[in-house]
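**Q** Quick mapping for you: the protein sequence lines, in order, are chains A and B. In this text, residue positions in the first sequence follow my numbering: the first is 207, and each later residue adds one. In this text, residue positions in the second sequence follow my numbering: the first is 207, and each later residue adds one. Built from N, CA and C at the ideal position, the CB exists for glycine as well. Just so we're clear, the structure is a prediction, and the values are computed from it rather than from any experiment.
Protein chains: 2
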Amino acid sequence: MYFSPEDRKSLVWGEKMNVELISVGTEFLIGKSINTNTFYLAERLASLGYQVNEQIVVGDEISQIQRVLKSSINRSDIVFVMGGLGAMKDDVTKKAVVEALGISLVENPVVKNQIKNRFKDKKSSEIPENIWRQALTPRGAVLLENKQDIIPGFIISALGKKIILLPGNPKQLKEMVDQKVMIYLKDWQPSIVCSEIVKIMAVTEQDVVEKLGSLMESENPKITTYSQIGEVHLRIIAKTNSKKEGKKLVTPILEEIKQCFGNLVYSTKEDETLESNVVSLLKKYNITVSTAESCTGGCLAGKLVNISGVSSVFGQGFITYSNKAKKKLIGVSKNTLKKHGAVSKQTAKEMAEGVSVTTGSDVGIGITGIAGPEGGTEEKPVGLVYIGCYVKEKAIAREYHFIGDRNDIRENSVMAALALLRTTILENYK
Amino acid sequence: MYFSPEDRKSLVWGEKMNVELISVGTEFLIGKSINTNTFYLAERLASLGYQVNEQIVVGDEISQIQRVLKSSINRSDIVFVMGGLGAMKDDVTKKAVVEALGISLVENPVVKNQIKNRFKDKKSSEIPENIWRQALTPRGAVLLENKQDIIPGFIISALGKKIILLPGNPKQLKEMVDQKVMIYLKDWQPSIVCSEIVKIMAVTEQDVVEKLGSLMESENPKITTYSQIGEVHLRIIAKTNSKKEGKKLVTPILEEIKQCFGNLVYSTKEDETLESNVVSLLKKYNITVSTAESCTGGCLAGKLVNISGVSSVFGQGFITYSNKAKKKLIGVSKNTLKKHGAVSKQTAKEMAEGVSVTTGSDVGIGITGIAGPEGGTEEKPVGLVYIGCYVKEKAIAREYHFIGDRNDIRENSVMAALALLRTTILENYK
Chain A
207 MYFSPEDRKS
217 LVWGEKMNVE
227 LISVGTEFLI
237 GKSINTNTFY
247 LAERLASLGY
257 QVNEQIVVGD
267 EISQIQRVLK
277 SSINRSDIVF
287 VMGGLGAMKD
297 DVTKKAVVEA
307 LGISLVENPV
317 VKNQIKNRFK
327 DKKSSEIPEN
337 IWRQALTPRG
347 AVLLENKQDI
357 IPGFIISALG
367 KKIILLPGNP
377 KQLKEMVDQK
387 VMIYLKDWQP
397 SIVCSEIVKI
407 MAVTEQDVVE
417 KLGSLMESEN
427 PKITTYSQIG
437 EVHLRIIAKT
447 NSKKEGKKLV
457 TPILEEIKQC
467 FGNLVYSTKE
477 DETLESNVVS
487 LLKKYNITVS
497 TAESCTGGCL
507 AGKLVNISGV
517 SSVFGQGFIT
527 YSNKAKKKLI
537 GVSKNTLKKH
547 GAVSKQTAKE
557 MAEGVSVTTG
567 SDVGIGITGI
577 AGPEGGTEEK
587 PVGLVYIGCY
597 VKEKAIAREY
607 HFIGDRNDIR
617 ENSVMAALAL
627 LRTTILENYK
Chain B
207 MYFSPEDRKS
217 LVWGEKMNVE
227 LISVGTEFLI
237 GKSINTNTFY
247 LAERLASLGY
257 QVNEQIVVGD
267 EISQIQRVLK
277 SSINRSDIVF
287 VMGGLGAMKD
297 DVTKKAVVEA
307 LGISLVENPV
317 VKNQIKNRFK
327 DKKSSEIPEN
337 IWRQALTPRG
347 AVLLENKQDI
357 IPGFIISALG
367 KKIILLPGNP
377 KQLKEMVDQK
387 VMIYLKDWQP
397 SIVCSEIVKI
407 MAVTEQDVVE
417 KLGSLMESEN
427 PKITTYSQIG
437 EVHLRIIAKT
447 NSKKEGKKLV
457 TPILEEIKQC
467 FGNLVYSTKE
477 DETLESNVVS
487 LLKKYNITVS
497 TAESCTGGCL
507 AGKLVNISGV
517 SSVFGQGFIT
527 YSNKAKKKLI
537 GVSKNTLKKH
547 GAVSKQTAKE
557 MAEGVSVTTG
567 SDVGIGITGI
577 AGPEGGTEEK
587 PVGLVYIGCY
597 VKEKAIAREY
607 HFIGDRNDIR
617 ENSVMAALAL
627 LRTTILENYK
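1. Below 8 Å, can you find three or more Cβ-Cβ pairs linking the region 597-614 of chain B to the region 551-564 of chain B?
2. So, do the region 395-410 of chain A and the region 618-626 of chain A have three or more beta carbon pairs nearer to each other than 8 Å?
3. Give the residues from the region 570-581 of chain A that approach chain B closer than 9 Å (Cβ to any Cβ), ordered along the chain.
4. From I228 (chain B) to I398 (chain A), what does the alpha carbon distance come to, in whole angstroms?
5. Using 8 Å as the threshold, is the region 531-550 of chain A in touch with the region 543-551 of chain B, meaning 3 or more CB pairs across them?
6. The alpha helix (DSSP H) with F234 (chain B) in it runs from where to where?
7. Determine the burial state of M207 (chain A): buried for a count of at least 16 other Cβ atoms within 10 Å of its Cβ, exposed for fewer.
8. Closest Cβ-Cβ distance between C505 (chain A) and chain B: below 8 Å?
9. For a cutoff of 8 Å on Cβ pairs, would you count Y246 (chain A) as touching chain B?
10. Cβ closer than 9 Å: which chain A residues qualify as neighbours of T242 (chain B)?
11. Could you check the C-alpha separation between T244 (chain B) and V312 (chain B) for me, to the nearest Å?
12. Hey, F520 (chain B) and Y527 (chain A) are a contact pair by Cβ (cut 8 Å); roughly how many whole angstroms apart?
13. For a minimum of 3 consecutive residues, which ranges assigned as the beta strand (DSSP E) are wholly contained in the region 455-486 of chain B?
14. Terminal residues of the continuous alpha helix (DSSP H) containing F325 (chain A)?
15. How would you call Y472 (chain B), buried or exposed, if buried means at least 16 neighbouring beta carbons within 10 angstroms?
16. At least one CB of chain B closer than 8 Å to the CB of A498 (chain A): is that the case?
17. Between A:P358, A:A531 and A:K600, which lies nearest to I370 (chain A) when the distance is taken from Cα to Cα?
18. Cβ closer than 8 Å: which chain A residues qualify as neighbours of R612 (chain B)?
19. Among B:K490, B:N352, B:K489 and B:V456, whose alpha-carbon lies nearest the alpha-carbon of T181 (chain B)?
20. Residues bridged to N224 (chain A) by DSSP?
21. If you measure between the beta carbons of I593 (chain B) and G523 (chain A), is that distance less than 8 Å?
22. Can you check the region 578-611 of chain A for any beta strand (DSSP E) of at least 3 residues that lies completely inside it and give the ranges in chain order?
23. Where does R441 (chain B) fall in DSSP's three states?
24. What residues from chain A crowd round G523 (chain B), counting only those whose CB sits closer than 8 Å?
25. Mind checking whether G290 (chain B) and T299 (chain B) have CB atoms under 8 Å apart?
26. Looking at the secondary structure, which residues open and close the alpha helix (DSSP H) in which S269 (chain B) lies?
27. Quick check for students: name the residue ranges of the beta strand (DSSP E) that lie wholly in the region 368-455 of chain B, counting only runs of 3 or more.
28. Specify whether the region 281-295 of chain B and the region 225-239 of chain B touch according to this definition: at least 3 beta carbon pairs, one from each stretch, less than 8 Å apart.
29. Is the Cβ-Cβ distance between L350 (chain A) and V304 (chain A) less than 8 Å?
30. What are the boundary residues of the beta strand (DSSP E) that includes I284 (chain A)?
31. Classify T494 (chain B) as helix, strand or coil using the three-state DSSP reduction.
32. On the three-pair Cβ rule with 8 Å, is the region 560-579 of chain A touching the region 490-510 of chain A?
33. 8 Å is my cut-off, CB to CB: does Q354 (chain B) come that close to chain A?
34. What do you reckon, are the CB atoms on A302 (chain B) and I271 (chain B) nearer than 8 Å?
35. For V312 (chain A), which beta-bridge partners are listed by DSSP?
36. Check the DSSP bridge columns for E499 (chain A) and list the partner residues they point to.
Quick look at the structure:
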């Protein structure tokens, strides 16, 4: 038992609701895996008004896990321990935690049955010992079922604190957090936390901060900006005594943001991305689209095709990286390329029109630009991108200047094209 | 001063060369940014035989930074502190560290000159105070110049340890580590560390571990696997007394791995990716390629186009998501689609041939598959993908079964297509 009577006295379930996140895994210490679990969980906790004090990564070693667990419990109310729950030899998290807390392991009939079902071709005696060990769960702990695997998670109440054990597999962790842990976290939070997300396309963090001005300094509700490629997400969080009161605090801010950014606000749904929003709009108005990409080389199409069920609105696209392809495949005129160059407003327009006419789609998008690092000139520098959009027999094109490396410029171009596509749909079909 | 005389006595530059990484930034604690710095640095340290004991993230608060710094210095020989070095109000890392170590700040003429050059349009008195503060550097520290910004990094020698301060911007950090810090790290390592990377395409971690068998258990040189999408990287690390001896240990292992995996070993260069390797090969043999993508929707082309200078070997591609596009754009026969279906070996072959003939390229690649979550049947389940390759008037196609979500299946398909393309080039042109 790692906590002395003095330790125990000072440990009480706090008012401040501080949280620490411990990731267990030598793979992180040697740079083998990137720690996405912490990133995901931290955002989920912030959305409920919890404050994460510290994030720690240690290797798969009992003494290390116990050392950091003890300090974390001393400092915080809720401690997450992620990873090392599996059946392998180096999965020692469960043992380390129960030993540190002085809790025994008991066989859990639910997990035992899951194991039997999973290995129903085998006799009980044929199932390896390390698999059976999964059925040993900390006495008194809440079991968090894992829908993708046998390995359960746990919520342990000890020393006036909550210790939450989660699997290290990111998909399993995400599902367990979303389906189970969030419910408990909402429940433990002494205030009612009202949280809304607002997603704004075609803006930078600086745009948002400048435009919203003093609104950004509001304490309750508090607004946090999450800068993404080509868009910004805002989270509005109010802490109150009732849901109704929370809504009353959040709604006017939400309305003010919507007013401020108009159609650039594309979603207030947690799960919706710009590409899924655009595909939904295309489906809603029954509009087909096709793409012609030069510097983005298929990445816009790739984003659209990542939305399941896109086939009714997007069926074909072209990568016209060379001038030959621009002329031959989508009919950009030789004259335009000669007079204005491949990276020009005119070419972008002709690409958009050409791809729409060639494929018979309602809308055509054309992207041409200089992604670098080579190919820039004083007149046409690296980062210059033109995006054309053709709809209802009219072609428009916009000029963009992106900064960063080749990949940054390409990713920004794709997001800008999605934003232009969304604007075009709303202007022409609503 | 945070270290007592007793503290100091126990602190000596160790033999074990343990390292800890402290990231400073409230943005990580609220899930606003993903911590890629730690991931990058951990791999670089592992490649030199250093052991990272712990990774910690704290907010932008002096007391927090000092608390974790003190524990880290007690446990380790080298402590990295990343982030919080800028000119903003919440950039407190430098202050926190020098205070904790009892070191004073002195004005550095090199940084002062950089500031003057950067703001040469302004008088000295017009440059804001917070910018001038960048010129204050810890007394006796080694200055690590930042080529992308004014903000320098530092190597501080104190208490028998090394404390290394690096900027939080990932691109600046990466450059500083690669160009400067690695040189010092090599120098401090008491053993000579010989390290080689081997990149193997079209294999899983399990394949590698099974095929290499007992070789994986070797202690010196040690082999670590880094599993990536569609490929595995192996790092061979030997610790010895001389470079020559290190090479003698590493070379036979490298040869054994090459023998074992033959042409699947595509690179032993740190910076080379599969796509850059394939583009180099295409250029070497002067081969042009074109692509026709269904389920990957342009992502293969997108990967190729991300290589600067690809235009001489890749000029055009098609996204043929619909059957109509497959027929109209690249001439897949109606009969094939009817008889075998869009997801079939035959269709993949005809896509590859069709795109090669249509564009006049030397090689054509066709990808068709079921990325899910919908569209799977018992006969053709989600994850079934066919990749066709047409070269020298001959079409071949391979069948793949990938697992995971829609995006996993698409990413794996792209990597498999690159692997097939590489194999085809080597078989037909070497």
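**A** This is what the structure gives:
1. yes
2. yes
3. A577, G578, P579, E580 and G581
4. Position 22 of the second sequence, counted from the start, is the residue given in the question as residue 228 (chain B). Position 192 of the first sequence, counted from the start, is the residue given in the question as residue 398 (chain A). Using only the alpha carbons, I get a separation of about 34 Å.
5. no
6. Counting from one through the second sequence, the residue named residue 234 (chain B) turns up at place 28. Its alpha helix (DSSP H) spans residues T232 to L235.
7. Residue numbering aside, residue 207 (chain A) sits at position 1 when the first sequence is read from its first letter. For M207 (chain A), the predicted structure reports a pLDDT of 48, less than 50, and the residue's modelled location is therefore unreliable. A value from the coordinates is still provided. When all chains shown are included, M207 (chain A) counts as exposed.
8. Here residue 505 (chain A) corresponds to residue number 299 of the first sequence, with the count starting at 1. For C505 (chain A), the answer is yes, since a Cβ of chain B falls inside 8 Å of its Cβ.
9. For the purposes of this step, residue 246 (chain A) is identified with residue 40 of the first sequence, where counting begins at 1. At a cut-off of 8 Å, the C-beta of Y246 (chain A) has a neighbouring C-beta in chain B.
10. Stepping through the second sequence from its first residue, residue 242 (chain B) is reached at position 36. Correct list: I240.
11. Along the second sequence, one-based indexing puts residue 244 (chain B) at 38. Along the second sequence, one-based indexing puts residue 312 (chain B) at 106. For T244 (chain B) and V312 (chain B), the gap between their C-alpha atoms comes out near 29 Å.
12. Working through the second sequence from its first residue, we reach residue 520 (chain B) at position 314. Working through the first sequence from its first residue, we reach residue 527 (chain A) at position 321. Yes, they are in contact, since the Cβ atoms of F520 (chain B) and Y527 (chain A) sit about 6 Å apart, within 8 Å.
13. 471-473
14. Here the question's residue 325 (chain A) lines up with position 119 in the first sequence. According to the DSSP assignment, F325 (chain A) belongs to no alpha helix (DSSP H), since it is labelled neither H nor E.
15. Counting from 1 along the second sequence, the entry for residue 472 (chain B) is found at position 266. Under this definition Y472 (chain B) is a buried residue.
16. Against the first sequence, residue 498 (chain A) aligns to sequence position 292. It does not: the Cβ of A498 (chain A) has no partner Cβ on chain B nearer than 8 Å.
17. Within the first sequence, numbered from 1, the residue matching residue 370 (chain A) stands at position 164. Measuring from the Cα of I370 (chain A), the nearest candidate turns out to be A:P358.
18. Residue numbering aside, residue 612 (chain B) sits at position 406 when the second sequence is read from its first letter. The contacting residues are N512 and S514.
19. Nothing in the structure corresponds to residue 181 (chain B), since chain B is present only between 207 and 636.
20. Taking the first residue of the first sequence as position 1, residue 224 (chain A) is located at position 18. A:Q257.
21. By one-based count along the second sequence, residue 593 (chain B) stands at place 387. By one-based count along the first sequence, residue 523 (chain A) stands at place 317. No; because the gap between Cβ atoms is not below 8 Å, this pair is not in contact.
22. 590-597 and 600-607
23. Numbered from 1 along the second sequence, position 235 holds the residue referred to as residue 441 (chain B). If DSSP states are grouped into helix, strand and coil, R441 (chain B) belongs with the strands.
24. Sequence index remark: in the second sequence, residue 523 (chain B) carries index 317 (1-based). Correct list: G503, G504, F524, I525 and Y527.
25. On the second sequence, position 84 is the one that residue 290 (chain B) refers to. On the second sequence, position 93 is the one that residue 299 (chain B) refers to. Contact flag set, yes.
26. On the second sequence, position 63 is the one that residue 269 (chain B) refers to. Segment I268 to R281, the alpha helix (DSSP H) holding S269 (chain B).
27. 398-407, 428-434 and 437-446
28. Three or more beta-carbon pairs separated by less than 8 Å link the region 281-295 of chain B to the region 225-239 of chain B, which places the two stretches in contact.
29. As a working note, residue 350 (chain A) is residue 144 in the first sequence. As a working note, residue 304 (chain A) is residue 98 in the first sequence. Their beta carbons are not under 8 Å apart, which means L350 (chain A) does not touch V304 (chain A) by this criterion.
30. The residue given as residue 284 (chain A) occupies position 78 in the first sequence. Taken as a continuous stretch (DSSP letters only), the beta strand (DSSP E) holding I284 (chain A) covers I284 to M288.
31. Residue mapping note: residue 494 (chain B) aligns to position 288 of the second sequence, counting from 1. In this structure, T494 (chain B) counts as coil in the three-state DSSP scheme.
32. yes
33. Residue numbering aside, residue 354 (chain B) sits at position 148 when the second sequence is read from its first letter. Contacts with chain A at 8 Å (Cβ-Cβ) do not include Q354 (chain B).
34. Stepping through the second sequence from its first residue, residue 302 (chain B) is reached at position 96. Stepping through the second sequence from its first residue, residue 271 (chain B) is reached at position 65. With respect to I271 (chain B), A302 (chain B) sits close: the two C-beta atoms are nearer than 8 Å.
35. On the first sequence, residue 312 (chain A) is found 106 positions in, with the first residue counted as 1. DSSP output for V312 (chain A) lists A:T343 as bridge partner(s).
36. Position 293 of the first sequence, counted from the first residue, corresponds to residue 499 (chain A). Residue pairing by DSSP places E499 (chain A) opposite A:I525 and A:I573 in a beta bridge.
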